[in-house]
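When you read off a place in the sequence shown, starting at 1, and then add 8, the result is the number in the working numbering.
Glycine included, each C-beta is placed from N, C-alpha and C at the ideal position.
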Amino acid sequence: MVSEREIWMEAAARADVTQELRAMVAEAEVAVRARRPLCVSQGACCRFDRFGHQLWMSGLEVAWCLRQLPAAPRATEVDDAVHRGDCPFLREGACSVHWARPLGCRAYFCDGAGEGWQEALLESWHGRVRALHERLQVPYRYDEWRRLLRVFAEPA
Ligand code: SF4
9 MVSEREIWME
19 AAARADVTQE
29 LRAMVAEAEV
39 AVRARRPLCV
49 SQGACCRFDR
59 FGHQLWMSGL
69 EVAWCLRQLP
79 AAPRATEVDD
89 AVHRGDCPFL
99 REGACSVHWA
109 RPLGCRAYFC
119 DGAGEGWQEA
129 LLESWHGRVR
139 ALHERLQVPY
149 RYDEWRRLLR
159 VFAEPA
């Protein structure tokens, strides 16, 4: 039986999926440039437990992010991040996969300037990603980032 992980990875390799997700990334860049939220590099967007922030997305979106990386994180790296309360890609206070980071990371700013527009943007992306799942008949699972990363993680 084909696993959800394999279905998501196969769908993430499609040109139309890449086109749609790249369009959303481009929108994020325009929105952020227009609003100019302040980032003081305190890592609030990546230290989930400390700042009470959660990152949620769909399985297809995670697969698309991981396709841009040389390898998925190892299961122990994801588990360690859960234990610390942060992201497995946070290294020395910075994102080590900046070019491939999820849409949710691109629109989240903790300075308050993101209120309103970032929720609207995330809501619109959510609908579009869900529509992609439906159009491609790919299983839809909307879940927390590290729980989904665990599905894709290389064994320890
Ligand atoms: S992917 Fe990068 S920006 Fe997003 S939570 Fe992880 S370390 Fe932070």
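Distance between beta carbons of residue j and residue i, contact taken as under 8 angstroms
i, j, result
"R155", "Y148", "So it is not a contact: roughly 15 angstroms between Cβ atoms."
"V33", "R114", "7 angstroms"
"W72", "L29", "5 angstroms"
"Q62", "E152", "6 angstroms"
"A39", "W125", "6 angstroms"
Host alpha helix (DSSP H) of residue i (start-end)
i, result
"S132", "125-144"
"D57", "56-59"
"E18", "12-20"
"L32", "The identity of residue 32 in the sequence shown is Met, whereas the question assumes Leu. Looking at the DSSP string, the run of the alpha helix (DSSP H) that includes M32 is 23-43."
Range of the contiguous beta strand (DSSP E) that encloses residue i
i, result
"S72", "Reading off the sequence, residue 72 comes out as Trp, not Ser. Premise fails: W72 lies in the alpha helix (DSSP H), 67-75, not in any beta strand (DSSP E)."
"D151", "150-152"
C-alpha gap between residue i and residue j, whole angstroms
i, j, result
"R82", "R13", "15 angstroms"
"A19", "M65", "16 angstroms"
"P163", "T84", "8 angstroms"
"A89", "A42", "33 angstroms"
"M17", "R58", "31 angstroms"
"A161", "G93", "17 angstroms"
"G60", "C53", "9 angstroms"
"W107", "C95", "15 angstroms"
"H91", "F56", "11 angstroms"
"L74", "A80", "6 angstroms"
"I15", "V105", "23 angstroms"
"G112", "Q145", "23 angstroms"
Neighbour flag for residue i against chain C, beta carbons, 7 angstroms
i, result
"Q62", "Here chain C cannot be found, since the structure has a single protein chain."
Every unbroken alpha helix (DSSP H) inside the segment 89-116 [4 residues or more]: 111-115
Sufficient close CB pairs (3 or more, under 8 angstroms) joining the segment 65-74 to the segment 23-40: yes
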